[in-house]
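K.L.:
As numbered in the working numbering, residues 312 to 1304 make up the sequence shown, in order. Glycine included, every Cβ here is placed at the ideal spot set by N, Cα and C.
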Amino acid sequence: MAEVASTGLVGRTDVLDELGALLRLAGDGAPCLVLLTGETGVGKTRLLREVVARYEPTLVAGACVPMAGEPLPYAPLRQGLRRLRGHGVVRQELTRSAALARLVTGVADAEDAERASQAALFQAVLSLIDRLGASAPVLHLVEDLHWADRSTLDLLRYLAVNMSTERVLVVATYRDDAVTPGSALAGWAAEVGRLDITRRIGLDRLDAEETARLVASLTSGHPDPTLLDSTLSRSAGNPLFIEQLVLRGTGEDLALPVTLQELLAARVDALPEGSRSLLSALAVHGRSVPLERLADTLHVGVEDAEQALRPALEQHVLELRDEQRVGFRHPAFEEVVYGGLLPTERTRLHLAAASALERSRAGVASPEPADVRAAELARHWLRSGEEERALDAAVEAGRTAECVYAFADAQVWFGRAAELAQRWPSDHDPMRLLSRAAEAAALTGDTVEAERLGETALALAAEPAQQAELCERLGTYAYLAGSGPRAEHWFRQARAALPEGEVSVLAARVHAGLALLAGAWSRLEEAQEWGEHGLRLARATGARREEGRLQSALGLAAAARGRTDDGVAHQREALAIAEEVGEPHDIGTAYVNLSHVLGLAGRWDEVVDVGRAGMAAVARVGLSAQRGNLLRANTGEALITLGRLDEAQALLDDPQARRVRGIMAAPGLMQSARIAVLRGDLRAAWDQCGRARAVVEAEGAPDAWLRDVHELTALIELWAGRPAAAYDAVIDGLDLIAGGDEEGFGDELAALGMRALADQAEAHRDRGSQRALDRRVAPLLKAMDRVGARPESAAYAAWFAAEHARFSHRSDPALWDTAVAAWDAVGQPLRALYARWRAAEARLDAGVDGAAIAALRAAYDGAVRLGMVRVSEELVRLAAWHRIDLPAADEAPAVGGTPSTGVAAPDADGTPAGLRRYGLTERELEVLAGLAEGRTNREIGEELFISTKTASVHVSNILRKLDVSGRQEAARVAYRLGVRGVEAARESPPGDR
């Protein structure tokens, strides 16, 4: 057997320097998350030890632990806190935060501290890291992430998203070959990998020169040539393989192992029998444990266990850790040992481990946290086949997991306990256990699993009160998931299960659910009725939380009926109660509804302020991917409305938005589509609008969301030059909201529909087309008659009136000026800009003078400043028709995405759609193309090799046939009908014209 010397780090210079640079940047307030990956034994831990030794950061370090084959909740964080409990900052934070204190054994009054949430724990960790970094940069190491529990992954995600100026470098390591497609770690790594704060570093094997250096270092600089050759040929540059080969040495009687697993197994087999037994017991425990526990598991004395331990320490298989705990030197040894046990050996040892753990609990106080002991005991009883004894342990494991906000683990343990409780007689109610599992699932954000577990519990509920309670919870889960029909079904089931006239907290809670649902789905009378009745119940029973939720529902109803000040007052009261009670989902709902109601009040600057405050608040309570997305959409809408497109784009591009799936993704997608269409990227707008439409139509979305989708569809169709399709989208939307309270918000649809008809009227001026279009105005007038009173009502009415005049071929600058003033009065610059374009257009139609030119240039300046590419293009085209100079091309906005056309597609033979009815000749089409480009008669004649007089005759014929009064009006018709430039028209072959 070869002697092995201690060794320094070999190779890795580039990676070491990179980590050092990132640590220095962290010290300057630029935090970073590093994903350090590599195969088993490649040296990830050794590299990080060198980083710590070289740069001396404040270290918060730990590794994920597969206890008995399953992950231990928050293992890395617990280890880091235990090692730093003597640090003054840590002691202070543990005293301040009950959530943090519960993870650490021995902190006074931790179990009696105030109720907190998982998000409170996450925020406490971030605060602790921030304070620890005051004296030196913090290096937070989380090793072996391939064994991570769900809560640890959620914590790291929270840190990655919320770190801003903390002086911390977070390094998470995992085996890249352990990440399987579809696994939790794969999804997590893909998600955080997209964040700007994240860096990926892959650790490769050593090359031949580095391998030789490592062998030399391990043998004090004098490697046996045979050993060196063997190691070079067998190790493939894996440092752990190299080390174990050197430890094994050479000899004719030693068969060379083929794989690292075989080599490690051979190293274990070479140990004495007593040592191998000790290794087996340790592998079953699944983590480092005191030597006394191992001795008790094996039913041997401590001295005998020490004798068995010594060879394993000498051969670098085991190591002693803090508090004299025994652990494997490398996790790969544990996998080899546990994998080599027979099923009967595993069962026997798990039984012995459970018994030893129970005896240790009955003796002196254990330094291990209660949830760790409970989960460990439950696992051992289950794996030993002692299901009846596992039942109590599983319930305790679920309860203690709740206490430390490890809700994913609580869900698992309560679910397992429910299964056992149905097989074994006990005092545990399977229905209650399933209900607690469902609530834990909801707290992780998995509302689908929460509903499944809740429905399973409901099938076991015998008492009406139990049924009512479970139905209310199921309604809440469905509501949080955005499914109105399912939520209403469960809330009504809950109410039906309650005795008639019952005055209770549960009754108030059911009324709150029904009221919020009705308010969100624009059933205002129901929302008012449920809200008022429920508020009386809440106040009679002292149900403070329910009172807050009912205030929110009443605020939605009041604002939607035009009483926006009352609505805002209700929502602010709801928010105050939610913050007083501290329930995370209620805080999120209150901020969402307050931002929504402020939007209805036209108080867009306040929407931005409330939205940003709300996003910070829901991040603190762990709801960024749920309520945070609705707040992001509401805030984005406000920023777009205020003309702050860059801010809105940055907000909507937040990586948190990518986590959202299903119906909750729709509001953000719609706001992103609005930005895309305003900036000229129709392809992106269609994609985002289509995705939003698919989910809202499939999943029972509120009518308001469906109305929004139809408004957006019409807007995109208009800018794509398909006004007929835009009108159809408008009518579909109006039909959808007909007869409901959402009719009061139909004025935008009506105005868009009137714009679509006006665009068609510009292109189709023959009497037959005009009569057909006239018949389409009636549904829009009817819709305008049914709108409610709100701040934007006058602006929508002015817009509609101006479009109606344009539709009638008498576009009036005064009407458009009224629309401009109305939109300016409510602080909506983008809609005001559209009206400014139309006002300039109407003035120029009446004659080119100084006022008309100034109006055109002012509108263009506004379009450039606000980044409205489509409007800018239209203004450039309008200036060309009237031969007016605008800023140089390099000052104009760039057009992104799908090229703008704004025109109808040509027929199969190349003639623009709709031109056939006017009877224009081929030559007149060429002249019309010149008009569309704003050319004079002389310029058209030169292009077409005809005289100026002949060109003038053609222009007169065109004006007569199109029934227009001037060449600019003819140019607009040509543009709407898709007539191309004169050069293209002249050079195209006849079949293409």
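#1: When the Cα atoms are used, what is the spatial distance from residue 1252 to residue 1234?
#2: Assign residue 1024 to one of three DSSP states: helix, strand, or coil.
#3: Is there contact here, the stretch 1008-1024 with the stretch 826-835, by at least three beta-carbon pairs under 8 Å?
#4: Using three-state DSSP, classify residue 601 as helix, strand or coil.
#5: Just verifying my parser: in three-state terms, what is the DSSP assignment at residue 955?
#6: In the DSSP assignment, what residue or residues form a beta bridge with residue 639?
#7: If you reduce the DSSP assignment to three classes, tell me which class residue 855 lands in.
#8: Determine the extent of the alpha helix (DSSP H) in which residue 986 is found, giving its start and end residues.
#9: Indicate whether residue 358 and residue 327 have their beta-carbon atoms separated by less than 9 Å.
#10: By the 10 Å Cβ neighbour count, where 16 or more other Cβ atoms means buried, how is residue 494 classified, buried or exposed?
#11: Three-state secondary structure (DSSP) at residue 1265?
#12: Secondary structure at residue 512, three-state DSSP: helix, strand or coil?
#13: For residue 1019, count the other beta carbons within 10 Å of its own beta carbon; 16 or more makes it buried, fewer makes it exposed. Which is it?
#14: With DSSP as the reference, label residue 454 as helix, strand or coil.
#15: Between which two residues does the beta strand (DSSP E) carrying residue 343 extend?
#16: Helix, strand or coil for residue 1200? Go by DSSP, reduced to three states.
#17: Could you tell me the alpha carbon to alpha carbon distance between residue 1309 and residue 1169, rounded to whole angstroms?
#18: Does the stretch 1069-1078 come into contact with the stretch 836-851, if we say contact requires no fewer than three beta-carbon pairs (one atom in each stretch) closer than 8 Å?
#19: Does DSSP put residue 1232 in a helix, in a strand, or in coil?
#20: Rounded to the nearest angstrom, what separates residue 721 and residue 907 at their Cα positions?
#21: Quick check: what's the CA-CA separation for residue 599 versus residue 372?
#22: Can you check whether the CB of residue 483 is closer than 9 Å to the CB of residue 453?
#23: Report the CB separation of residue 1307 from residue 793 in whole angstroms; it is logged as a contact under 8 Å.
#24: What are the complete alpha helix (DSSP H) segments, minimum 4 residues, inside the stretch 803-838?
#25: Examine the Cβ distances between the stretch 948-956 and the stretch 981-994 and report whether three or more of them are shorter than 8 Å.
#26: By the 10 Å Cβ neighbour count, where 16 or more other Cβ atoms means buried, how is residue 355 classified, buried or exposed?
#27: Taking the straight line between their C-alpha atoms, what separation do you get for residue 485 and residue 518?
#28: Beta carbon of residue 445, beta carbon of residue 407: below 9 Å?
#29: Return the residue from the list 1271, 472 and 414 that minimises the CA-CA distance to residue 503.
#30: Rounded to the nearest angstrom, what separates residue 630 and residue 798 at their Cα positions?
#31: Of the residues 1177, 1164 and 1176, which one's Cα is nearest the Cα of residue 1197?
#32: With a cut-off of 8 Å, do at least 3 Cβ pairs link the stretch 1097-1107 to the stretch 1121-1138?
#33: To the nearest angstrom, how far is it from the Cα of residue 851 to the Cα of residue 396?
#34: For my contact list, residue 510 and residue 345 are in at a C-beta cut-off of 8 Å; report their separation, rounded to the angstrom.
#35: So, under 8 Å CB-CB, residue 512 and residue 347 are touching, yes? Tell me the CB distance rounded to an integer number of Å.
#36: Take the Cβ of residue 537 as the centre, count every other Cβ of all protein chains shown within 10 Å, and call the residue buried at 16 or more, exposed below.
P.N.:
Let's see:
#1: 11 Å
#2: helix
#3: yes
#4: strand
#5: coil
#6: 629
#7: helix
#8: 977-989
#9: yes
#10: When all chains shown are included, residue 494 counts as exposed.
#11: helix
#12: strand
#13: buried
#14: strand
#15: 343-348
#16: Caution is warranted here: a pLDDT of 41 is assigned to residue 1200, below 50, making its placement in the model unreliable, and the coordinate value is therefore given only provisionally. Three-state DSSP puts residue 1200 in a helix.
#17: In the structure as shown, the chain begins at 312 and stops at 1304. Residue 1309 is therefore absent and cannot be evaluated.
#18: no
#19: coil
#20: 35 Å
#21: 16 Å
#22: yes
#23: In the structure as shown, the chain begins at 312 and stops at 1304. Residue 1307 is therefore absent and cannot be evaluated.
#24: 816-831
#25: yes
#26: buried
#27: Approximately 22 Å, taken between the alpha carbons.
#28: In this structure, residue 445 sits away from residue 407, with a CB-CB distance that is not shorter than 9 Å.
#29: 472
#30: Annotation: residue 630 to residue 798 spans about 55 Å, alpha carbon to alpha carbon.
#31: 1164
#32: Under the Cβ criterion (8 Å, minimum of three pairs), the stretch 1097-1107 counts as touching the stretch 1121-1138.
#33: Each residue's CA atom was taken as its position, placing residue 851 and residue 396 some 47 Å apart.
#34: 5 Å
#35: 5 Å
#36: exposed
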